[in-house]
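Under UniProt numbering, the sequence shown has 118 at position 118, and the numbering climbs by one with no breaks.
Beta carbons are placed, not taken as given, at the ideal position from N, Cα and C, and that holds for glycine.
The structure displayed is predicted, hence computed values, not measured ones.
Notes follow the structure.
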Amino acid sequence: MEPKTKREAELLAALHISEQTNQIYQRRMIELQATNILNEVYCKALREQLAFREAKKSRKGKGRLMGDGLLVLLTSDFFYERVVEFEEEQQRKQREKEERQMGKEERKKALTVWEEKVAKRQKILKWASDKKKDKVKGRFTGVQPKLGMLPPAIPKPKVNAEVPESSGSDDEADDEGETDIL
């Protein structure tokens, strides 16, 4: 566009300058928005790390009785209660650990039994398939494994298999049925 007058030339120059200024401001605004987004992501990561640290710190539990910076009178009721709570917590943790260990051992035994049953079943299935193949060829001479009928597929034991716990009431029930003959 060609300016016809000197005033139009001045106005076109001012328009170009204002457009360039607007483009500079737009670029700067986009840069600031991008910086803001990156800062938000960084702050979110820091908040998550801080929350994890605080949760981890609180999970440590009551590992020390006198390590919290408080003055302690060893004979006070408050300290005695803390000692009792600490000991109960330690015993509870030990019981849970033993229960988990027993569960692992029971699962291992169940898996061993299951693997043996599966191996026997596979042996019978192999014999049956060999029998079919050899009958077609007319030269079957194998001896059938002595297991009886082919059992259905054996389900694999579950990880959290519930083992029925026997209660102490079995002995009491036996005692009630007995009569003394003296």
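Cβ-Cβ distance between residue i and residue j below 9 Å
| i | j | result |
| --- | --- | --- |
| valine 159 | arginine 107 | yes |
| leucine 111 | proline 157 | yes |
| asparagine 154 | tryptophan 114 | Note that residue 154 is isoleucine in the sequence shown, not asparagine. In contact: isoleucine 154 and tryptophan 114 (Cβ atoms closer than 9 Å). |
| leucine 11 | methionine 1 | no |
Where residue i falls, given that 16 or more other Cβ within 10 Å makes a residue buried
| i | result |
| --- | --- |
| alanine 173 | Reliability of the predicted coordinates at alanine 173 is poor, the pLDDT of 46 falling under 50, and the value obtained from them is presented with this limitation in mind. Burial call: exposed. |
| glycine 177 | Because glycine 177 sits at a pLDDT of 49, beneath the cut-off of 50, its placement in the model cannot be relied upon, and the point is left open. |
| lysine 4 | exposed |
Neighbour flag for residue i against chain B, beta carbons, 9 Å
| i | result |
| --- | --- |
| lysine 57 | Here chain B cannot be found, since the structure has a single protein chain. |
- Message: Report the start-end ranges of each alpha helix (DSSP H) in the region 6 to 72 that is 4 residues or longer and not cut off at the edges.
- Response: 6 to 59
- Whole alpha helix (DSSP H) runs in the region 77 to 108 with 4 or more residues, listed along the chain? none
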